[in-house]
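Q:
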Amino acid sequence: MKAYFRVAWAVLWKDLRVEWRTKDMFTSMAVFAVLALLIFNFAFELRVPDKRMVVPGVLWVTVAFAGVLGLGRAFITEKDRGSLSGLLLAPVDRSAIYFGKMVANLIFILVVEALILPLITVFFNVPLITLPLLLILLLGTIGFAAVGTIFSALTVNTRAREVLLPILLFPVLLPVLVAGIRATIGLLEGDTLNDLANWVQLLLFFDLLFLIVAYLTFDYVVEE
Amino acid sequence: MTSVLIRVQGLQKSFGRHRVLRNLNFDIEAGTSVALLGPNGAGKTTLLRILATLSRPTAGRVTIAGVDIGANPEGIRQYIGLVTHAPLLYDDLNAMENLEFFARLYGLSDAEERIRDLLTRVGLYHRRKDRVRTFSRGMVQRLAIARALLHDPPILLLDEPDTGLDPQAAEMMNDLLKELSGGERTILMTTHHLERGLEVADRVTILSGGRLVFDAPASGISYGELRPLYDEYVGVGAI
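In order, the protein sequences belong to chains U and H. Sequential numbering from 1 applies to the first sequence in my numbering. Sequential numbering from 1001 applies to the second sequence in my numbering.
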């Protein structure tokens, strides 16, 4: 078990270090997210009487599309340089590699969310930085990173991987997105987390489900 | 007395309807260096990837030190060091960081000293703080060998390690391979260079169309004898 966590930690640390130096993933996600927010801001500025009506959709759509940009790169750099084989040679259960990369992806998406939350607050004048909303966003992002990382590994060997990833990912991710959006609407309308227990439980259920399925299937996904 | 370290029995591998390996059977004794020759598409890389547990056989059995590689792949990986024409390294980490990362994957406790020794051995200690991105092809390949030797594996699999090297770098690689093959380590190396195969290995084999068509001790055959045999087995002008 110690070896398992050591490998997961090593992969996480390596991904963070490489990203810190190159900023490849963060730059593409952050630029996309900011541009999307600007477009949403101009599109809705004159037509929506209460901006709280559109903010949950703006938030989750921006996170989903920016996130998929980053997830698409998670295994491409490994595959193109052949280093994925180097990882797979580690004498440990390969799901440790999955968890290392999943947590790295989760951190990258959370950093982008930390950038866009204040921007949405300013653009739409709707306070989003509250503890319950941060919790909902975290639960949704865990599910997103969990399923996105496994699909990123699955599509990396295909020719049309950039197109295939969102096509495969979003239908599976739909329950998480719906639960996240519904819970965010509730919070903006003044509900408490207790009132939204069903949506929170749904998010927790799918997070757990995606993590278990990924744990069980990652070895088959990456092996030839 | 020698003992069989790698045993391949009835090995087959297909990708869809394309059969890459066809009923391969051979043994490799511990401490032996084997050069695996063959044209592109012969199945050399596929065989090495199966031995390295990166690919699953369609049929047949491979044992390493008596252990079926399908039954305990995690344990088998501890025995294997793999060098391919792709370096399996990270361009944006420096040489030291790359080896430190792989040392963590293998759970090495005395990693710092081992990394220093290996970098010195492959002549890259003075470039240890430089990113791999700034290395020449020959330097990258020498670092890849250091990575493969990091956990001191008893088996080294080399998949065309001299691909893309200029003559000087290829000569350095040759010296390194000769040094490695002189020890107790078991080496299986694929190459297109017949002379290099004869120079480095104890045994020379030829794989063609997924079948092992030739297997002989390297000491008993010269380049002049091997060349026409190779042309006959794989077709003239195959390389």
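Just so you know, even glycine gets a beta-carbon here, dropped at the ideal spot from N, CA and C.
Thinking C-alpha only, which one of Leu204/U, Gly148/U, Arg182/U and Ala74/U is nearest Ile167/U?
A: Of the listed residues, the one whose Cα sits closest to Ile167/U is Gly148/U.
Q: For Ala1146/H versus Leu1124/H, is the C-beta distance shorter than 9 Å?
A: yes
Q: For Ala1201/H, which of Arg1017/H, Gln1012/H, Leu1011/H and Gly1031/H has the nearest alpha-carbon?
A: The residue among Arg1017/H, Gln1012/H, Leu1011/H and Gly1031/H with its C-alpha nearest the C-alpha of Ala1201/H is Gly1031/H.
Q: Along chain U, which residues have their Cβ under 8 Å away from the Cβ of Tyr1106/H?
A: Close to Tyr1106/H, with beta-carbon spacing below 8 Å, are these residues of chain U in chain order: Ala90 and Pro91.
Q: Can you list the beta strand (DSSP E) stretches of 3 or more residues lying completely in the segment 1105-1182 of chain H, in chain order?
A: Whole beta strand (DSSP E) segments, 3+ residues: 1155-1159.
Q: Could you check the C-alpha separation between Thr1046/H and Ile1206/H for me, to the nearest Å?
A: 14 Å
Q: What does DSSP give as the partner residues of Gly143/U in its beta bridges?
A: Per DSSP, none; premise fails for Gly143/U.
Q: Give the C-beta separation of Ile142/U and Leu106/U to the nearest angstrom, bearing in mind that I take them to be a contact with Cβ-Cβ under 8 Å.
A: 6 Å
Q: Per DSSP, His1018/H forms a beta bridge with which residues?
A: Phe1015/H
Q: Does DSSP classify Pro175/U as helix, strand or coil?
A: helix
Q: So, Val200/U versus Leu211/U, is the Cβ gap smaller than 9 Å?
A: no
Q: Of all the CB atoms in chain U, is at least one closer than 9 Å to the CB of Ala1238/H?
A: Because the pLDDT at Ala1238/H is just 44, under 50, the model does not fix this residue reliably, and the point stays unresolved.
Q: Please go through the same chain and pick out, in chain order, the residues whose beta-carbon is closer than 6 Å to the beta-carbon of Ser1181/H, but skip the five residues on each side of it.
A: Ser1033, Ile1187 and Val1200
Q: Skipping 5 residues on each side, what residues in its chain have a beta carbon closer than 6 Å to that of Val55/U?
A: Phe124 and Val126
Q: For the segment 152-211 of chain U, which segments carrying the alpha helix (DSSP H) assignment without a break, of at least 4 residues, lie completely within its bounds, in sequence order?
A: 161-188
Q: If you draw a straight line from the alpha carbon of Glu1184/H to that of Phe218/U, how long is it in whole angstroms?
A: Whole-angstrom Cα-Cα distance: 35 Å.
Q: Tell me whether Ile1187/H sits in a helix, a strand or coil according to DSSP, three-state version.
A: Strand, per DSSP.
Q: Between the alpha carbons of Leu204/U and Ala104/U, how many angstroms are there, rounded?
A: 20 Å
Q: Which two residues bound the contiguous beta strand (DSSP E) that contains Gly1235/H?
A: Taken as a continuous stretch (DSSP letters only), Gly1235/H belongs to no beta strand (DSSP E), as it is neither H nor E.
Q: Measuring alpha carbon to alpha carbon, tell me which residue in Ala197/U, Asp191/U, Gly180/U and Leu202/U is nearest Gly57/U.
A: Gly180/U
Q: Just the C-alpha distance for Trp20/U and Ala1059/H, rounded to the nearest angstrom, thanks.
A: 44 Å
Q: In chain order, what residues of the segment 1086-1118 of chain H put their CB closer than 8 Å to some CB of chain U?
A: Ala1086, Pro1087, Leu1088, Leu1089, Tyr1090, Asp1091, Asp1092, Leu1093, Glu1097, Phe1101, Phe1102, Arg1104, Leu1105, Tyr1106 and Gly1107
Q: Beta strand (DSSP E) containing Val1083/H: first to last residue?
A: Segment Ile1080 to Val1083, the beta strand (DSSP E) holding Val1083/H.
Q: What number of angstroms, rounded off, separates the C-alpha of Leu196/U from the C-alpha of Gly186/U?
A: 7 Å
Q: Given Glu1097/H, which residues of its chain have a CB within under 6 Å of its CB, disregarding the five upstream and five downstream residues?
A: none
Q: In terms of residues, what are the limits of the alpha helix (DSSP H) holding Ser83/U?
A: That run of the alpha helix (DSSP H) goes Ser83 to Leu88.
Q: Note down, in chain order, each residue of its chain lying with its Cβ closer than 6 Å to the Cβ of Ala1052/H, except the 5 sequence neighbours on either side.
A: Ile1080, Leu1082 and Leu1157
Q: For Arg1077/H and chain U, any beta-carbon pair shorter than 9 Å?
A: yes
Q: If the criterion is Cβ atoms closer than 9 Å, does the pair Phe1101/H and Trp60/U meet it?
A: no
Q: Quick one: using the 10 Å Cβ neighbour count with 16 as the cut-off for buried, is Pro1228/H buried or exposed?
A: exposed
Q: Taking Cβ to Cβ, would you say Thr1163/H is nearer than 9 Å to Leu1036/H?
A: no
Q: Relative to chain U, which residues along the segment 1051-1065 of chain H have a C-beta separation below 8 Å, given in chain order?
A: Ala1052, Thr1053, Leu1054, Ser1055 and Arg1056
Q: Give me the Cα-Cα distance between Ala1042/H and Ala43/U, rounded to the nearest whole angstrom.
A: 59 Å
Q: Taking 9 Å as the CB-CB cut-off, is Leu216/U touching chain H?
A: no
Q: Which bits of chain U does Glu1074/H rub up against, with CB to CB less than 8 Å?
A: Pro91, Val92 and Asp93
Q: Checking the sheet assignment: what are the DSSP bridge partners for Val1067/H?
A: Ile1064/H
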